[in-house]
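Presented below is the structure to which this report refers.
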Amino acid sequence: MLKRRIILPAVLMAASLLPAAQDNPPGAPPALELTLRPAAPDTAGIIPSVDVTLVFPVFATVELAFLPNNVETVARTITLVTARDAAGPLPLRVTDDPESAEGPARHWSAGRPVQGPVTLRYRAPISNRPAPRGAAPPLELRSDTGAFSGAGASFLLLPRSAAPDRLRLHWDLSAMPAGARGVSSLGSGDRTVLLEDAIGRLKSTFFLAGRLQLFPEQPPERGFFSAWHGTPPMDLARLMASEQKLYAFYEKFFSRPAESPYGVFLRENPVNPGGGMGLTDSFIATFGPKVTAEDLTITLAHEMLHTFAGGLDQPAGLEGSWFSEGLAVHYARLLALRAGQITPAEFLHDLNSTAGRYYTNAFLGTPNSEIPKRFWADTRIRVLPYDRGSLYFAVLDTQLRAASHAQTGLDELLMQFLARRKRALPLDETAWCSLLEQALGTPGPESYRAMLAGALQLPESGAFGPQFERTTTRLRRYELGFAPEVLIEPRRVVRGLKEDSAAARAGLRNGDEITRPVPQDVVQAQQEATLTLHVSRAGQSLVITYLPRGEEVDAWQWRMAGGPPRR
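Per the working numbering, residue -4 is the first one in the sequence shown, and the count goes up by one each step.
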């Protein structure tokens, strides 16, 4: 099954790579220095912690959010926090935002006036426990097979400053066995980088170190490379060779040759394998015992597309994810097909997975403006930017081809839009609507606004080329059977159980405590996929499995039609 994972839009930032050993030349801004020293792995190959040293040329209050993107960070568990400046030991005051605040965080501020640069040291523990809030991207610190990995946003104490800065990364692997390597979104080994936003870049940088597998064995200074740890159930080197070719295809399609390293990182995910998240100049994807190379192909294509297409400047974040995620879903399968990386049958499989999930979604008509506040609470809301956005782009492509008598389509409109970034012009809703009106007249912006309001997106039969045609079938709606908010709460205690649901018929009761995270996004797209809940009831452990489906409804799908492929 080609899986559709949930990721958040990556923030694109320009970077200039400099020789790793280079000191600050005259006139260069002082460097923000980061040293990572992983502990020695234990007998099971688990690295228990990472010692972090940060040197700030100018110190401001540093912070670490408790739960960014639903990922539990080390904000509450770090130890051995010390700071020094030119005057000696620097006392730190620790304060927490109230839980009711938006994006609550823990803050460390100076307890006296600071003199000169500040060196901050602490230990970040690696617990390896499953994501406690259920659905979450794989950003937390995790270790296995003599290696560790994690995103900066999950363990680095950083200020809110977004000033231009020079970043110097150093790997101290002295506690690790011979052959250990350190890589990151910045490239392989120690790096010195001049950035527009060193703080933002560090948060969206992925770090890996220890016993790693790399492709190619010596990563280039520019362009595609991959690193992974764990025990993948497929030949990842072979898959990465294929993805490297797709990356080259993207470079030509988007007319954007590589200017810095581009990292594809993989690790095992015990909760939601096959998923991932896009980061700056990189992405992290995951595998599990049952994930195949075919499962990962579209996921990897999707993640790479984020780097080339990016997202909207405004509205940013989840409200603009219809663009970034919808575009990635639409073009990942389309460009992979054009590049010969997937077959027409695999294209259909992925398309019908998206279409089936969308047309059976009970919340299909939810306005885009309501998605951010309900995104993590309900899988049916969480998948809407992906599913609805991708089908909107298919509808738009057909409209553009009809208006231009098949001379232009979405490809050309998208390139016009993305060209604004090269001219330092905003990629926002105003610019998008302006291009739509130029190409389609008033109906262009009207169709766009209707989509945002929740209007049904139904591509025409030949929207994906003459080799495919639309058909109808009967599919069943996804139905969890109880209040979906339960699955993201600290204690997952069942409430709101529907008496006529499959969950109730399988024996689930209100008051049962679900003891393990429950992934749903992929299951929602698979009509025959079951959910297994590990439940505690009155001191007794139970395992309840059921088919989370409700009423049967009409849904659209596509099938082979025999026509020639569209190029």
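By construction, the Cβ of each residue, glycine as well, lies at the ideal position given by its N, Cα and C atoms.
Report the option in Glu320, Gly305, Pro215, Gly205 whose CA atom is closest to the CA atom of Leu251.
The displayed chain sequence assigns Arg, not Leu, to residue 251. Ranking the options by Cα distance to Arg251, first place goes to Gly305.
Beta-carbon proximity list for Thr355, same chain, < 8 Å, skipping 5 on both sides:
Leu470, Arg471, Arg472, Tyr473, Val548, Ala550
Out of curiosity, what's the CA-to-CA distance linking Arg161 and Ala397?
50 Å
Residues near Phe248 by beta carbon distance below 7 Å, same chain, minus five either side
Leu330
What residues match up with Arg544 in a beta bridge as DSSP calls it?
Tyr473
Taking a contact to mean a Cβ-Cβ separation below 9 Å, would you say Gly476 touches Tyr387 in this structure?
no
Roughly how many angstroms lie between the CA atoms of Val543 and Leu526, to the nearest whole one?
A small fix is needed here, since residue 543 is Pro in this sequence, not Val. Cα atoms of Pro543 and Leu526: separation of roughly 7 Å, rounded to the nearest angstrom.
Rounded to whole angstroms, what's the CA-CA distance from Leu261 to Tyr326? Just pull it up for me.
22 Å
Cross-strand partners of Arg153 (DSSP beta bridge):
Checking the displayed sequence, the identity of residue 153 turns out to be Leu instead of Arg. For Leu153, which the question treats as bridged, DSSP gives the partners Glu58.
Trp551 in three-state terms, based on DSSP:
Note: Trp551 maps to strand in three-state DSSP.
Who pairs with Val378 in a beta bridge, going by DSSP?
In DSSP, Val378 forms no bridge with anything.
Name the two residues that bound the continuous beta strand (DSSP E) containing His224.
Element bounds for His224: n/a, residue is neither H nor E.
Are the beta-carbon atoms of Glu135 and Ala142 separated by less than 9 Å?
no
Alpha carbon to alpha carbon, what distance is there between Ala533 and Phe278?
In this structure, the alpha-carbon of Phe278 lies about 43 Å from that of Ala533.
Output needed for Ala9: all residues of its chain with C-beta closer than 6 Å, excluding positions within five of it in sequence on either side, in chain order.
With a pLDDT of 41 at Ala9, under the threshold of 50, the modelled position of that residue is not reliable, and no figure is offered here.
Own chain residues within Cβ distance below 8 Å of Val109, not counting five before or after
Phe54, Asp80, Leu85
By how many angstroms is the C-alpha of Glu314 removed from the C-alpha of Asp345?
24 Å
For Arg32, which of helix, strand or coil comes out of DSSP?
strand
Take Leu75 and list the residues in its own chain whose beta-carbon comes closer than 6 Å to its own, dropping the five residues that flank it on each side.
Tyr117, Arg118
I need the straight-line Cα distance from Gly106 to Gly98, nearest angstrom please.
24 Å
Return yes when the Cβ of Ala389 is within less than 9 Å of the Cβ of Phe581, no when it is not.
Lying before the first or after the last residue shown, residue 581 is absent from the chain, which here runs from -4 to 562.
How is Val53 classed by DSSP in three states: helix, strand or coil?
coil
With C-beta atoms as the reference, is Gln462 less than 9 Å away from Gly557?
yes
Please name the residue, chosen from Asp185, Leu181, Arg155, that lies closest to Leu168 on a Cα-to-Cα basis.
Distances from the CA of Leu168 to each of Asp185, Leu181, Arg155 were compared; the closest alpha carbon is that of Asp185.
Could you give the DSSP three-state label for Pro367: helix, strand or coil?
helix
Quick check: the segment 360 to 370 against the segment 399 to 413, are there 3 or more CB pairs under 8 Å?
no
Is it buried or exposed for Ala222, if we count other Cβ within 10 angstroms and need 16 for buried?
buried
Please specify which runs of the beta strand (DSSP E), each continuous and at least 3 residues long, are wholly inside the segment 413 to 462, giving them in chain order.
none
Report the rounded CA-to-CA distance for Lys198 versus Ser149, giving the unit in angstroms.
8 Å
Taking just the CA atoms, how far does Met229 sit from Asn123?
23 Å
What alpha helix (DSSP H) runs, 4 residues minimum, are completely inside the segment 143 to 213?
193 to 198
Under the three-state reduction of DSSP, which class applies to Ala96: helix, strand or coil?
coil
Relative to the alpha-carbon of Ser456, which residue among Ala131, Thr393, Arg137, Phe358 has its alpha-carbon at the smallest distance?
Ranked by how close their Cα comes to the Cα of Ser456, the residues Ala131, Thr393, Arg137, Phe358 have Thr393 in first place.
Just tell me which of Glu484, Glu424, Pro256 has its CA closest to the CA of Ile509.
Closest option to Ile509, Cα to Cα, is Glu484.
Sort Pro172, Ser348, Leu87 by Cα distance to Ser522 and report the nearest one.
In the sequence as displayed, the identity of residue 522 is Gln instead of Ser. Checked all of Pro172, Ser348, Leu87; the closest Cα to Gln522 is Ser348.
Which first and last residues belong to the alpha helix (DSSP H) in which His344 is found?
339 to 354
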